[in-house]
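Below is one structure, written out as structure tokens; the observations come after it.
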Amino acid sequence: MKILAFESSCDETAAAVVEDGRKVLADEIFSQVALHEIYGGVVPEIAARSHLEVISLLADRALQKAGISRGDIDAVACTYAPGLIGAVLVGVNFAKSAALALGVPLIPVHHIRGHIAANYLAFPELEPPFLCLAISGGNTMLVDVRSYTDMRVLGRTRDDAAGECFDKSARVMGLGYPGGKPIDDLSKQGDDKAYDLPRPAVNDGNPYDMSFSGLKTAVVNIVHHAEQTGEELDKAGLAASLCRAVSESLVSRTMAAAEALGYAHVAVAGGVAANSRIRADFESACQKAGKTLYVPPLRLCGDNGAMIGAQAYYEFLAGHTAGSDLNAYATMEL
Amino acid sequence: MTYTTHSEKETEDLGARFAANLPAGAVVALYGDLGCGKTAFVRGMARGMGIDCAVTSPTFTIVNEYDGPRPLFHFDMYRLGSADELFDIGWEDYLARGGVCSVEWSENVPGAFEGDEIAVRFEKTGDNDRKITIEGGPLC
Ligand SMILES: Nc1ncnc2c1ncn2[C@@H]1O[C@H](COP(=O)(O)OP(=O)(O)O)[C@@H](O)[C@H]1O
Ligand SMILES: [Mg+2]
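Line by line, the protein sequences give chains H and F.
Sequential numbering from 12 applies to the first sequence in our numbering.
Sequential numbering from 4 applies to the second sequence in our numbering.
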């Protein structure tokens with residue numbers, strides 16, 4: 012079954028063709044990051060407008076790359092939540108029209124489910140159940156993937172997302188947007204014990220919940236103190252200390268949950284999975300605990316259309332299709 | 004009125020007292036830098052309005068909606084370049100729905116307000132101290 016899939020929930024517009032949930036025939040991405048750098052953040056109007064400009068072009072290019080024609084498409088899929096509402100709507104409406112015109116089913120996909128499914132593309136042997144940590148600019152959640160479409164959120168951030176913590180810290184450190192990559196790069200030259208940062212602790216209730224606003228605030232305080240006292244800021248050391256603090260809080264909770272559930276497979280998904288410190292820490296923790304770690308290659312960690320096509324296949328098998336009254340949603344439970 | 008808080012919890016409590024008596028349709032414009040406690044204050048507001056939901060940062064989604072006796076629309080304009088983009092996020096539609104709108108990073112969208120908003124200004128006076136000035140609205 013060949014699915015034409017669209018993703019347009021934030022910075023990236025993407026179209027892909029995926030066969031039977033596992034095989035990528037085409038994966039076209041247009042990134043808007045350059046447009047947004049000057050604003051220090053994502054600008055919804057620009058996002059929506061340029062999604063609109065490139066989506067049909069990307070769709071044609073995806074079909075061309077896959078070497079198929081429109082008649083070969085068995086279903087159309089799109090991200091329908093969560094994200095910037097104007098941006099998500101572009102993908103939803105385009106997918107709706109395409110499905111209608113081709114006379115094939117329309118499959119709505121939750122963006123985070125798509126990130127989790129990126130693992131199916133990278134690892135043909137991986138099947139639920141497994142534990143997945145989904146970490147991106149807008150989300151931080153620990154998910155019990157019981158089956159392809161039955162998922163339970165074990166814990167999540169109480170305040171800021173892990174990626175948001177990197178982005179905002181990068182901004183006060185003058186490193187630009189998006190902040191994940193520059194912090195990662197800089198951290199490699201720094202001492203991860205240069206600054207004593209708080210470990211985001213959540214003392215009440217759910218042991219798998221996380222918190223990152225305290226870390227962001229600690230970085231802000233360090234930068235401001237340095238400015239006020241005229242002391243030179245050890246940026247590389249701060250970046251390394253920040254990566255370590257974020258990583259430790261993610262890895263400890265994930266490993267505890269994997270242990271508690273008795274899972275042998277641990278997956279990481281989402282843009283923040285690209286962070287090299289987090290990858291390395293997960294590798295050693297899983298090795299020590301005798302668990303198998305799955306982290307998709309960098310290209311599949313960020314937003315892309317292939318991951319939506321992968322999850323769409325399993326949503327279709329579970330009967331989750333939509334009519335032309337499908338709407339887009341800024342927020343939605345997994 | 005100016006208030007001083009010495010912990011995140013005190014800021015949340017202030018938000019809860021502030022919101023308890025807010026009329027439906029109130030627009031609350033929050034001003035202040037990263038880590039000043041704006042999201043913490045809104046978390047308190049939700050509690051004060053009888054909303055039993057985990058309030059997280061809306062920076063990525065731009066707006067989070069919370070259902071309750073009076074709905075709360077929690078905006079974050081951090082990633083918006085100017086007030087022109089309010090149209091794309093459906094700002095006017097939200098205003099018309101009669102809930103309470105709280106708006107982080109209001110400094111990014113001066114054109115959004117018509118003069119009847121309540122301004123709440125946050126200032127960091129120490130690592131754990133915040134000066135919070137509320138201009139207009141009920142006393143708390
Ligand atoms: N008096 C205080 N009021 C509010 N937050 C405080 C206070 N003292 C320290 N903090 C810390 O500052 C941070 C505020 O974060 P947040 O509410 O996300 O700020 P903002 O939304 O303004 O960026 C939290 O980490 C909190 O623990
Ligand atoms: Mg905030």
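Built from N, CA and C at the ideal position, the CB exists for glycine as well.
Small disclaimer: the values here were computed from a predicted structure and weren't measured.
In the DSSP annotation of this structure, F:Asn131 is not part of any beta strand (DSSP E), being labelled neither H nor E. Residue H:Thr168 holds the alpha-carbon nearest to the alpha-carbon of F:Thr59 among H:Thr168, H:Gly82 and H:Gly114. At a beta-carbon threshold of 9 Å, the residues of chain H lying near F:Val66 are Ile96, Ala341 and Thr342, ordered along the chain.
According to the DSSP secondary-structure assignment, H:Val279 is paired through a beta bridge with H:Leu144. Burial check for H:His236: the Cβ neighbour count within 10 Å stays below 16, so the residue is exposed.
Under the Cβ distance rule, H:Arg264 does not count among the residues neighbouring chain F, no pair being separated by less than 8 Å. Scanning chain H for C-beta atoms nearer than 7 Å to the C-beta of F:Leu37 yields Lys179, Val183, Lys227 and Val231, reported in chain order. H:Tyr91 places its beta carbon 8 Å or farther from that of H:Ala296.
With contacts defined as CB atoms closer than 8 Å, H:Thr303 and H:Ala275 qualify as a contacting pair. Shown here, H:Leu69 sits in a helix according to DSSP, grouped into three states. A residue is called buried when at least 16 other Cβ atoms come within 10 angstroms of its Cβ; H:Ser258 meets this threshold and is buried. For the pair H:Leu345 and H:Arg264, the CB atoms are not nearer than the 8 Å cut-off. Spatial neighbours of H:Leu15 in its own chain (CB-CB distance under 6 Å, excluding positions within 5 residues in sequence) are listed in chain order as Val28, Ile84 and Val87. Taking 8 Å as the cut-off, the Cβ atoms of H:Asp203 and H:Ala251 count as close. Under a criterion of Cβ atoms nearer than 7 Å, the residues of chain H adjacent to F:Phe63 are, in order, Gly148, Gly149, Ala172 and Glu175.
Note on geometry: alpha-carbon atoms of H:Gln75 and F:Asn111 lie some 42 Å from one another. Look at F:Ile92: its C-beta is under 8 Å from a C-beta on chain H. Cβ-Cβ separation between H:Leu261 and H:Ala172: approximately 11 Å, too far for a contact (criterion under 8 Å).
The shortest CA-to-CA distance from H:Ile40 to any of H:Gly334, H:Tyr325, H:His331 and H:Gly316 is the one to H:Gly316. By the 16-neighbour rule on beta-carbons within 10 angstroms, F:Met80 is buried.
At a C-beta separation below 8 Å, H:Ser224 has these neighbours in chain F: Gly38, Thr42, Ala43 and Ser60. At a Cβ-Cβ threshold of 8 Å, F:Arg73 and F:Val103 count as neighbours. Chain H places a beta carbon closer than 8 Å to that of F:Asp130, counting this residue as a contact. Taking 8 Å as the threshold, the shortest C-beta distance from H:Arg72 to chain F does not fall below it. Apart from sequence neighbours up to five positions away, the residues of its chain that approach F:Cys56 with a beta-carbon distance below 7 Å are Ala49 and Tyr69, ordered along the chain.
Secondary structure at F:Ser105: strand, using DSSP grouped into helix, strand and coil. A contact between stretches requires three or more CB pairs, one per stretch, nearer than 8 Å, and the stretch 237–245 of chain H fails this requirement with the stretch 207–226 of chain H. At a cut-off of 8 Å, the C-beta of F:Ala49 has no neighbouring C-beta in chain H.
Within the chosen limit of 7 Å, ligand 1 does not reach the beta carbon of H:His62 with any heavy atom.
Judged by their CB atoms, H:Ala25 and H:Leu63 are not nearer to each other than the 8 Å cut-off. Interface criterion not met: the Cβ of F:Ala99 is under 8 Å from no Cβ in chain H. When only Cα atoms are considered, H:Glu136 and H:Cys143 end up about 16 Å apart. Residue-level contact by beta carbon fails for F:Ala86 and chain H, as no gap is shorter than 8 Å.
Judged by DSSP secondary structure, F:Tyr34 falls within the beta strand (DSSP E) whose first and last residues are Val30 to Tyr34. Just measuring C-alpha positions, the residue of H:Val101, H:Ile123 and H:Ile96 sitting nearest H:Val164 is H:Ile123. Residue environment for F:Met4: exposed (fewer than 16 other C-beta atoms within 10 angstroms of its C-beta).
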